[in-house]
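Asker:
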Amino acid sequence: QITLQESGPTLVKPTQTLTLTCTFSGFSLATGGMGVGWVRQPPGKALEWLAFISSNDDLRYSPSLKSRLTITKDTSKNQVVLTMTNMDPVDTATYYCAHRIPPGPSFDYWGQGALVTVSS
Amino acid sequence: QSALTQPPSASGSPGQSVTISCTGTSSDVGAFNFVSWYQQRPGEAPKLMIYEVTKRPSGVPNRFSGSKSGNTASLTVSGLQAEDEADYYCSSHGGSNNWKVFGGGTKLTVL
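So the sequences go chain by chain: A and B. The opening residue of the first sequence carries number 20 in the numbering used here; numbering runs sequentially from there. The opening residue of the second sequence carries number 5 in the numbering used here; numbering runs sequentially from there.
1. Going by C-alpha distance, which of A:Y114, A:L88, A:F126 is nearest P62 of chain A?
2. For T89 of chain A, name the three-state secondary structure that DSSP assigns.
3. Grab the span of the beta strand (DSSP E) containing D127 of chain A for me, first residue to last.
4. Do you know offhand how far D76 of chain A's Cα is from F106 of chain B's?
5. Tell me whether D107 of chain A is buried or exposed, calling it buried when 16 or more other Cβ atoms sit within 10 Å of its Cβ.
6. Of all the options B:S82, B:E48, B:W103, which has the alpha carbon lying nearest to the alpha carbon of S83 of chain A?
7. With DSSP run on the structure shown, which of helix, strand or coil describes T29 of chain A?
8. Determine the contact status of F36 of chain B and M53 of chain B, defining contact as a CB-CB distance below 9 Å.
9. On the three-pair Cβ rule with 8 Å, is the segment 94 to 101 of chain A touching the segment 31 to 49 of chain A?
10. K72 of chain B by DSSP, collapsed to three states: which one?
11. Taking the straight line between their C-alpha atoms, what separation do you get for A112 of chain A and Q60 of chain A?
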């Protein structure tokens, strides 16, 4: 059974860096074809894909946020970490991590989401 | 502004069928068979309903089906049930420069 869980701060100040951790079970990023992505959703708004990392270190970023995002993995800990720099109030959203069905970009298992508020 | 265009709302009565469209371009929906659809109920995480245009994950009722023609993908829900009331998002692979793009979402109301 695949599960994912996001963790990190619930409140960050403008200009700060956000670090979110996705801890998962039921699969391994040491296995070929596996991958984890991040998606966010501002309150009352649509889903927005942010980043993706695969078992073979294929890294993908949203073109509009690429300069602010870094995604990494710790295979031994079954974790994926997303960092987003220079946070702004418009980045207030629920952040989800999700497992992808290889070989495409579809996510079949999702974490419950972590609400991050950006405010001074 | 989302990369893929969906109608903001759709509705149908119980037992009826409803189709939600998702319009992209020849660089995303039209170029790849990697269209997926997600259902999201209030306060919940999205749930994958369709992937690779027509495939249903295990556990998704066969009332849900997907298709694609040119740059437009569609999700059809047959035999509408009250539990189908939710927001639905389409998504597509956008090529090497945009790995995944979402639509703006469609709120499905069961009358």
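All C-beta atoms, glycine included, are put in the ideal place defined by N, C-alpha and C. Quick caveat, the model's predicted, so the values are computed rather than measured.
Answerer: The relevant details are as follows:
1. When each option's Cα is compared against that of P62 of chain A, the closest is A:Y114.
2. Strand, per DSSP.
3. 125 to 129 is the extent of the beta strand (DSSP E) around D127 of chain A.
4. Taking the straight line joining both Cα atoms gives about 23 Å.
5. Under the 10 Å beta carbon count, D107 of chain A is surrounded by fewer than 16 other beta carbons and is classified as exposed.
6. Measuring from the Cα of S83 of chain A, the nearest candidate turns out to be B:W103.
7. DSSP, read as helix, strand or coil, puts T29 of chain A in coil.
8. Not in contact: F36 of chain B and M53 of chain B (Cβ atoms no closer than 9 Å).
9. The answer is yes - the segment 31 to 49 of chain A touches the segment 94 to 101 of chain A, with three or more Cβ pairs under 8 Å.
10. Three-state result, K72 of chain B: strand.
11. When rounded, the distance between both Cα atoms is 5 Å.
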